[in-house]
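Residue numbers (numbering that gives the first Met the number 0), protein chains in the order written: chain H, 0 to 308; chain R, 0 to 448; chain B, 0 to 271.
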Amino acid sequence: MDHAFSSANHAVVKHTQLQQKLKTHLAAMGFIAPSAIFLGVFVFYPLVKTVYYSMFLTNALGQPVKFIGLSNYGTLLQDKFFMKSLLTTFIFVFMVTLLTTVSALALAMVTSKHLKGTTLFRTFFASTMGVSVSVASVLWLFIFQPTTGVSDMVLNLLHLPPIHWLTDNTWSLFAVILTVVWMNLGFSFLALTGALENVATPLYEVADIEGVTTWHKFYHITLPQISPTLFFVGTVTMINAFQTFGQVDLLTKGGPNNSTNLIVYQIYKDAFVNLNVGKASTESIVLALLIALVTIAQFKLTEKRVMYQ
Amino acid sequence: MKKKYVMSLIAIVLMISIVLLGMSRLSRPVSANQRTTIVFWHSMGGKPADALKKLVAKYNASQTKYTVVPQYQGAYTESLPKYINVANSSAAPAIVQAQEIATSTMLSTKSTEPVSRLLDSQVINQIEDNIARYYTVDNQLQSLPFNSSTPVLYYNKSLVEKLGLKPLPEDPSYQDILNLAQAITEKTNHQTKGMTIEAYGWLFEELTANQNQLLANHDNGRESGQYATKININTPAARRLMTFMKQAIQDKSFVSYGSGDIAEANQQTAFLAGKLGMFMQSSASTGDLQANAKFKLGVTYVPHADDIARNGLTLGGASLWVNKHQTTATKEGVTDFLKFMSSAQSQAQWQLATGYLAVNKNAKALPQVTSAIAKDSNLGVATKQLETSKKNSVTAGPLVPILPIERTNVETAMQSIVNGADIEKSLQTAEDATNKALASYNSANHMQK
Amino acid sequence: MIITSNEKIWRYVLMIGLSLVLLIPLIVGVWVSLLPNNAILTGHYFTSQFTIDNYIQAITATPILRYLLNSLLVSAIVMVGQVVFSVLAAYAFVFIPFKGKQIIFYAFIGTMMLPFESQLIPNFQTLRWLGILNNYAALAIPFFASAFGTFLLRQTFMQVPLALRESAAIEGVGHFRFLYHAVIPYAKTSLFTLAAYSFLTTWNMYLWPLITSYSDNVRTAQIGLRQLQATEAVNSWGLIMASAILIMVPSLVVLLLSQRAFKSGLLDGAVK
Numbered sequence: 000m001d002h003a004f005s006s007a008n009h010a011v012v013k014h015t016q017l018q019q020k021l022k023t024h025l026a027a028m029g030f031i032a033p034s035a036i037f038l039g040v041f042v043f044y045p046l047v048k049t050v051y052y053s054m055f056l057t058n059a060l061g062q063p064v065k066f067i068g069l070s071n072y073g074t075l076l077q078d079k080f081f082m083k084s085l086l087t088t089f090i091f092v093f094m095v096t097l098l099t100t101v102s103a104l105a106l107a108m109v110t111s112k113h114l115k116g117t118t119l120f121r122t123f124f125a126s127t128m129g130v131s132v133s134v135a136s137v138l139w140l141f142i143f144q145p146t147t148g149v150s151d152m153v154l155n156l157l158h159l160p161p162i163h164w165l166t167d168n169t170w171s172l173f174a175v176i177l178t179v180v181w182m183n184l185g186f187s188f189l190a191l192t193g194a195l196e197n198v199a200t201p202l203y204e205v206a207d208i209e210g211v212t213t214w215h216k217f218y219h220i221t222l223p224q225i226s227p228t229l230f231f232v233g234t235v236t237m238i239n240a241f242q243t244f245g246q247v248d249l250l251t252k253g254g255p256n257n258s259t260n261l262i263v264y265q266i267y268k269d270a271f272v273n274l275n276v277g278k279a280s281t282e283s284i285v286l287a288l289l290i291a292l293v294t295i296a297q298f299k300l301t302e303k304r305v306m307y308q
Numbered sequence: 000m001k002k003k004y005v006m007s008l009i010a011i012v013l014m015i016s017i018v019l020l021g022m023s024r025l026s027r028p029v030s031a032n033q034r035t036t037i038v039f040w041h042s043m044g045g046k047p048a049d050a051l052k053k054l055v056a057k058y059n060a061s062q063t064k065y066t067v068v069p070q071y072q073g074a075y076t077e078s079l080p081k082y083i084n085v086a087n088s089s090a091a092p093a094i095v096q097a098q099e100i101a102t103s104t105m106l107s108t109k110s111t112e113p114v115s116r117l118l119d120s121q122v123i124n125q126i127e128d129n130i131a132r133y134y135t136v137d138n139q140l141q142s143l144p145f146n147s148s149t150p151v152l153y154y155n156k157s158l159v160e161k162l163g164l165k166p167l168p169e170d171p172s173y174q175d176i177l178n179l180a181q182a183i184t185e186k187t188n189h190q191t192k193g194m195t196i197e198a199y200g201w202l203f204e205e206l207t208a209n210q211n212q213l214l215a216n217h218d219n220g221r222e223s224g225q226y227a228t229k230i231n232i233n234t235p236a237a238r239r240l241m242t243f244m245k246q247a248i249q250d251k252s253f254v255s256y257g258s259g260d261i262a263e264a265n266q267q268t269a270f271l272a273g274k275l276g277m278f279m280q281s282s283a284s285t286g287d288l289q290a291n292a293k294f295k296l297g298v299t300y301v302p303h304a305d306d307i308a309r310n311g312l313t314l315g316g317a318s319l320w321v322n323k324h325q326t327t328a329t330k331e332g333v334t335d336f337l338k339f340m341s342s343a344q345s346q347a348q349w350q351l352a353t354g355y356l357a358v359n360k361n362a363k364a365l366p367q368v369t370s371a372i373a374k375d376s377n378l379g380v381a382t383k384q385l386e387t388s389k390k391n392s393v394t395a396g397p398l399v400p401i402l403p404i405e406r407t408n409v410e411t412a413m414q415s416i417v418n419g420a421d422i423e424k425s426l427q428t429a430e431d432a433t434n435k436a437l438a439s440y441n442s443a444n445h446m447q448k
Numbered sequence: 000m001i002i003t004s005n006e007k008i009w010r011y012v013l014m015i016g017l018s019l020v021l022l023i024p025l026i027v028g029v030w031v032s033l034l035p036n037n038a039i040l041t042g043h044y045f046t047s048q049f050t051i052d053n054y055i056q057a058i059t060a061t062p063i064l065r066y067l068l069n070s071l072l073v074s075a076i077v078m079v080g081q082v083v084f085s086v087l088a089a090y091a092f093v094f095i096p097f098k099g100k101q102i103i104f105y106a107f108i109g110t111m112m113l114p115f116e117s118q119l120i121p122n123f124q125t126l127r128w129l130g131i132l133n134n135y136a137a138l139a140i141p142f143f144a145s146a147f148g149t150f151l152l153r154q155t156f157m158q159v160p161l162a163l164r165e166s167a168a169i170e171g172v173g174h175f176r177f178l179y180h181a182v183i184p185y186a187k188t189s190l191f192t193l194a195a196y197s198f199l200t201t202w203n204m205y206l207w208p209l210i211t212s213y214s215d216n217v218r219t220a221q222i223g224l225r226q227l228q229a230t231e232a233v234n235s236w237g238l239i240m241a242s243a244i245l246i247m248v249p250s251l252v253v254l255l256l257s258q259r260a261f262k263s264g265l266l267d268g269a270v271k
């Protein structure tokens, strides 16, 4: 640019620069406004409101009637049912995240070489992503069903006693985990398949020449290369697992004996069945804090192990 | 390549939408010109749902001013909070069916119009007294009793006869049930399990009421000027009931289906498939069972504890509430519709199709009812069970706000007892949790008092 | 790379075996939906008496088509909303310099960690106040802004050289023209991924429609199936299965069409 301007012109330029800056800011605001306004109305405002409700005693109509500070939180921490629900949620989230990630990776590895028909099998493996919550639950409900269910038929063939998947304390949580993992597999599988395809082939070729073992190749080449995706898949699965609701609602309603009563289900029950908005709000805030904590912990712990290109 | 995908995706979505739009047009009832729409939320599934739809259709065809639109909103426990959440908003329905135990909660929404202000006393006087008294608060009939029931015990009579066992008496004791359950289980080599007790708070309440146990203090919360401040769960009556259940488990003649709608569906399926000998459920299931059972159905009163005389049961079922934020035209339509629903003819049709008790006094005398009961005595069991119940504050029924929570806690206790937990401890846990919720409810809702 | 025939064999064995295991629920579902009711009730699943009665009954006797239409419309509305809103926001974050960009961006991303449940009650109240409960609007509007979408697109947009925008600006090309002619064509895969993703997530929504829709005119397929399951459960598994299969078709089609995009599009989200 030509900077040979007279001082008179200089003032004009400065003025236009200011105008330009203003224009840019206006443009940015215009572009961001739709998202910002909607996030404000449907995410930030409700969050503040929920915190507010969590400090009140509320009546059956959901109106706050008495400010009680943090005592909802205190009550909650002494509540055996809630603590059990918390523990159940942790076991559930951990198992779902682990099983989903590991099995999705295994499936992606199995289909990682281009053989005839691989695409078809990939489609099969991915298909559970197209199965929605209610459909998946209904399918598994039928399989788990006690009188004429498929699982009992199979167990019978193997000369094993029938398992009351959804009504037996010992199996119910596992049954819900199975359903959720099955549903989640498709998404994680697709993401990991994509990541495996992007691993640089020369690395493998070098390894082949050096004659290293398959396990060694997997651990030292594949895993570091796909670690960002693995991390992404793990985080997304975990956050989603924390929010599992439909499967519980359709399969067990939180029972038997609260063994599948995840926090989200408890929140729903307190807010929309037991009509205790104050308690439900408190639980929501605790859930939000937990998710934030666990996510941050996961970021910190895995940061060093994840290799970004 | 990518573009092709996008285009085809959009094309497909559009096509399906158009097809569906066209089809749903076709399936929509001919839009009612000039008719006032009356939205009616209900919780009836299965056979009762069909019977309800028939009644509504009959009403809609009988006049040209109103169209009643029945909308299923899930079980009572689900539709009640849904209603409360919209009670004073534009999304509120004109009529909502609410469970008997929701009476106090419905009143606290201050969104309803007592039906005694809408209906003539001539209509109201036709309602059975022992049914109307449940829904009468402050000397006003608050809602129109519609589907009323008591739990009964169902058993597979053909199987019992085939095994050479004695059928149950009309009013069996716990021991009668245990004996029969064990005999069925052993004689069928465990192919058929003798009995189940659904982890269901209503059954718990009824079976303890049958031992003359009050559920809540202050006369079940009905004492004038008072409200319930304590709910009784860990009582001798409840422990007797749980011991009865545990005995059946020890006898290995018990099978558990858990709790909730799914448990109900599963135990019914098992019963119909001949894999379950006995179970207790609302008399309203009689119609469904009668229609689907390929064997002779046995129906008796619910059992009474061994050394305690039968006290009788409180009313179960639901009533129809009117939302007060409605236009005058809608309210007129609601009044007309409720008059139709409570008529002797409608109630007789309803009782015969479902097994619910007719709430209209005059229904009993109608020829279609008398001849049906003469033909099949099963249909009369529930009515007789309620009529022969003692009239006291236990059978008047609890007027307590947080009963849905009480039921959840009781159901949890029942399930943990089935899974081996200690009876007293489980019941006490449920009682503590329930009373904590009650105290918290009372402090939030009775502050002005 | 060489694949030994040994490896080929075990890969095929694994692929076939795992497919069977994974697809069992779907196979069972389709199979049962084609059986007459008494065969299901008595547990006689291996029969040749196939029938499409269950499908006919599902279509004629239940509002399943209406549920499907509702789901399609809501999902399509949210999909369009999310893509448009996310494109705009992501564009600003990448191509327009402004004060406080970092903070606003982190505020956006932070919302991803917030569970929807922590906003449930107030959102319900907001919509009740607006008087739009039991309405398509109630099902769609709260989900227009998507932090995930903004983030995904931002990652992709960042791969467009900033110099391109600078020179375009000097030539007087406005933001919208640049967005339309340069950025969008470049980010097609990501856009498509986001579209399919938001379609599927909305299609899958459960808790929100459960508490905000009350009539069959608005109920989505998820809630409709739950409804059928509750009212018809006793003795009509065939009907339920047929309905489930019908509900599965649209989302499965969307998935199959977008499978390829997902594979590469999701990588953008994973790479920092």
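Cβ atoms here follow ideal geometry from the backbone N, Cα and C, with glycine treated the same way.
Please read these numbers as outputs of a predicted model, since none were measured by experiment.
Under the three-state DSSP convention, the category residue i falls into
i: I307 of chain R; result: coil
i: G276 of chain R; result: strand
i: A364 of chain R; result: coil
i: Q226 of chain B; result: helix
i: I401 of chain R; result: coil
i: Q246 of chain R; result: helix
Identity of the residue in the options nearest residue i by Cα
i: S197 of chain B; options: B:R176, B:V29, B:L72 and B:L13; result: B:L72
i: S34 of chain H; options: B:Q221, B:V252, B:S263 and B:F142; result: B:F142
i: S388 of chain R; options: R:K53, R:K360, R:R309 and R:G379; result: R:R309
i: A139 of chain B; options: B:G109, B:S189 and B:N122; result: B:N122
i: I225 of chain H; options: H:T100, H:G116, H:L261 and H:F80; result: H:T100
i: G130 of chain B; options: R:S89, R:I130 and R:L117; result: R:S89
i: T353 of chain R; options: R:A283, R:R132 and R:T313; result: R:A283
i: T281 of chain H; options: H:Q246, H:L56, H:P201 and H:F30; result: H:L56
i: K156 of chain R; options: R:F203, R:T411, R:F294 and R:V399; result: R:F294
i: K278 of chain H; options: R:S439, R:K192, R:Q344 and R:D431; result: R:S439
i: I334 of chain B; options: H:S283, H:S111 and H:S136; result: A query on residue 334 of chain B cannot be resolved here, the shown segment of chain B reaching from 0 to 271 and no further.
i: T500 of chain R; options: R:S252, R:W40, R:L314 and R:A420; result: Nothing can be reported for residue 500 of chain R: it is not among the residues displayed for chain R, which extend from 0 to 448.
The beta strand (DSSP E) enclosing residue i, as first and last residue numbers
i: K192 of chain R; result: K192 to M194
i: L152 of chain R; result: P150 to N155
Burial state of residue i (16 or more Cβ within 10 Å)
i: A373 of chain R; result: exposed
i: L179 of chain R; result: buried
i: W236 of chain B; result: buried
i: M43 of chain R; result: buried
i: R116 of chain R; result: exposed
Cross-strand partners of residue i (DSSP beta bridge)
i: K65 of chain H; result: H:L56
i: Q513 of chain R; result: For chain R, the structure presents residues 0 to 448; residue 513 of chain R sits outside this window and is missing.
i: G297 of chain R; result: R:Y154
Delimiting residues of the alpha helix (DSSP H) encompassing residue i
i: N138 of chain R; result: No alpha helix (DSSP H) contains N138 of chain R, which DSSP labels as neither H nor E.
i: G185 of chain H; result: N168 to E196
i: G109 of chain B; result: K100 to G109
i: V92 of chain H; result: K79 to V109
i: G220 of chain R; result: N216 to G220
i: I162 of chain H; result: Note, I162 of chain H: premise wrong, no alpha helix (DSSP H); not H, not E.
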